[in-house]
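Remarks on the structure that follows.
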Amino acid sequence: MASTGPTGRISIARLPPSGRADLAMTRTISDKPTGALVAALVEYEEQRRLAIRREDTPAANRLYDKTVPILRELVLREPEGRDALEALLQHASAFVRLSAAAKVLGWAPDKAIPVLGRLYTEDLKPAYTPAESGSVRLTAKGLLYRHFGIRSFNPNHLIEPLKAYGIDWPYRPHFDR
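Structure follows, in C-alpha cells:
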C-alpha cells in the first residue's frame, strides 16, 4: 500500500504479521537508506522485465509505478542518490540502465546519452525476448528524441546527435521515403 502523507512524500505501508491493514505502520520512502532504495529499484525492474516477458502489461505497469517514487527520491538525494543512479548506468540489466539513464539525463546528459544510444542501437538478443528488447529500445528512442528535440519518427535523424557521443547508427534509406 502506498499513500501520500502530509509532507507530500510517498508512504509505504507495511502490513504486520496479522495482515490487517488497519494495524500497518507506515514508513516514508525518504526514511529508507539509499542502498535499500537501489536494491528495491533493481528488484522492481527485474520483476517488470519478467512481466514484459510474460506479456503481462498490467503487472509491468504496476511495477513501473513502484519505481517512480524510488527514482524521484534518489534524484532528490544529492549527491548520494544521484551518484547511485550514475553507478547504475553500468548495471548488467538493460532495464536498470534505462531507468537510471532516464533520470541522469536531467543533470548529466553526457553520461546518459551514450547509455541510451547503446540501448537503442545494440542488439539485446539473446538475453532479452523481442518484447523485452522492444520495450527498452522504444523507451530509449523516445528519451533521445525528446532530449534532442526531434519531432519525427525517422530514426535517421538520430545519426548525427549519436555520432557526437561515439555511437554509430547506420543510415536507413527506407525511412526517408
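If you number the sequence shown the way the UniProt record's numbering does, the last residue is 177 and the count never jumps.
A virtual CB, placed ideally from N, CA and C, is assigned to each residue, including glycine.
Option nearest residue i by Cα separation, candidates the options
i, options, result
"Glu160", "Leu98, Gln47, Gly117", "Gly117"
"Ala131", "Arg54, Leu143, Trp169, Glu80", "Arg54"
"residue 182", "Ile52, Ile70, Pro58", "No information on residue 182 is available, as it lies outside the stretch 1 to 177 that the chain covers here."
"Trp169", "Leu119, Ser152, Ala92", "Leu119"
"Arg137", "Gly149, Phe148, Leu124", "Leu124"
"Pro79", "Leu143, Ala108, Leu144, Gln47", "Ala108"
Local conformation of residue i per DSSP, three classes
i, result
"Thr121", "helix"
"Thr28", "strand"
"Gly166", "coil"
Own chain partners of residue i with C-beta closer than 7 Å, once the 5 adjacent residues on each side are dropped
i, result
"Thr139", "Leu98"
"Pro114", "Tyr165, Gly166, Ile167"
"Phe175", "Asn154, Pro155, Asn156"
"Ala51", "Ala59, Ala60, Leu63"
For residue i, the residue or residues it bridges with in DSSP
i, result
"Thr34", "For Thr34, which the question treats as bridged, DSSP gives no partner whatsoever."
"Thr57", "The partner list for Thr57 (beta bridge, DSSP) is empty, contrary to what the question assumes."
Own chain partners of residue i with C-beta closer than 6 Å, once the 5 adjacent residues on each side are dropped
i, result
"Val75", "Lys103"
"Asp22", "Only weak support is given to the placement of Asp22: the predicted model assigns it a pLDDT of 43, under 50, and the value that follows is read from those uncertain coordinates. So the list is empty, once near-sequence residues are dropped."
"Lys66", "Tyr44"
"Ile150", "His157"
Contact set for residue i: own chain, Cβ-Cβ below 8 Å, skip 5 residues either direction
i, result
"Arg172", "Pro155, Asn156"
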